[in-house]
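Have a look at the structure below, then the notes.
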Amino acid sequence: MQKRKSDCYCITLRRAAQTISDLYDAHMAVIGITVNQYSLLSDLGHFPHCSVSELAEYAGLERTTVVRALKPLTAKGFVKDLADEGERKKDLCLTAEGEEIVKKGRTIWHQEQEEIERRLGKAGVSKLQELLGKLMEER
Numbered sequence: 001m002q003k004r005k006s007d008c009y010c011i012t013l014r015r016a017a018q019t020i021s022d023l024y025d026a027h028m029a030v031i032g033i034t035v036n037q038y039s040l041l042s043d044l045g046h047f048p049h050c051s052v053s054e055l056a057e058y059a060g061l062e063r064t065t066v067v068r069a070l071k072p073l074t075a076k077g078f079v080k081d082l083a084d085e086g087e088r089k090k091d092l093c094l095t096a097e098g099e100e101i102v103k104k105g106r107t108i109w110h111q112e113q114e115e116i117e118r119r120l121g122k123a124g125v126s127k128l129q130e131l132l133g134k135l136m137e138e139r
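Just so you know, we're using UniProt numbering here: the sequence shown kicks off at 1 and counts up by one.
This is the structure we're talking about:
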């Protein structure tokens, strides 16, 4: 069933974001992660190691969101906490398996980026980025 079109900008953007996330997630499922998990792993890969707060700030997410998102990634062996046992502050890093998943995910991500560009055209993607950037500017 086709989703009802809305005159509400917020609803339209949320539906578009969900549609795009579903597309990326379907392809990321091949490697056992979601696009949000890929993004967090990729962000973590920019640091040799970091705290949860540093990762949250870099990713633009709430600290509690990052803590929840890290649990399955740690359980799968993609993220390791280097902090001494009993220490409250985590010292996170990607494992070798995590680095490999980021590498595989990057290939999938590029394929999905190309698909969006194919659907919207280079000019359309550029305009979309410009308009979304304006919406996200600090007030």
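Don't be surprised by glycine CBs; every beta carbon is placed ideally from N, CA and C. Being a predicted model, the structure only gives us computed values, none of them experimental.
- Taking C-beta atoms as the reference points, VAL66 and VAL79 fail to come closer than 8 Å.
- Per DSSP, the unbroken beta strand (DSSP E) holding VAL79 starts and ends at 79-81.
- For CYS8, no beta strand (DSSP E) run applies, since DSSP gives it neither H nor E.
- In this structure ILE108 touches HIS27 by the C-beta definition: roughly 5 Å separates them, less than 8 Å.
- For LEU94, the uninterrupted beta strand (DSSP E) segment begins and ends at 92-94.
- ARG14 and ALA56 have their alpha carbons spaced roughly 22 Å apart.
- Using a Cβ distance threshold of 8 Å, THR95 and GLY77 count as a contacting pair.
- Per the coordinates, the alpha-carbon of GLY45 lies some 17 Å from the alpha-carbon of ALA75.
- For SER51, there is no enclosing alpha helix (DSSP H), as DSSP gives it neither H nor E.
- Exclusion of the five residues before and after LEU41 leaves ILE33, LEU73, PHE78, VAL79, LEU94, GLY98, ILE101, VAL102 and GLY105 as the residues of its chain whose Cβ lies within less than 8 Å of its Cβ.
- By the neighbour-count criterion, in which a residue is buried when 16 or more other Cβ atoms sit within 10 angstroms of its Cβ, TYR24 is buried.
- THR65: member of the alpha helix (DSSP H) spanning 63-75, first to last residue.
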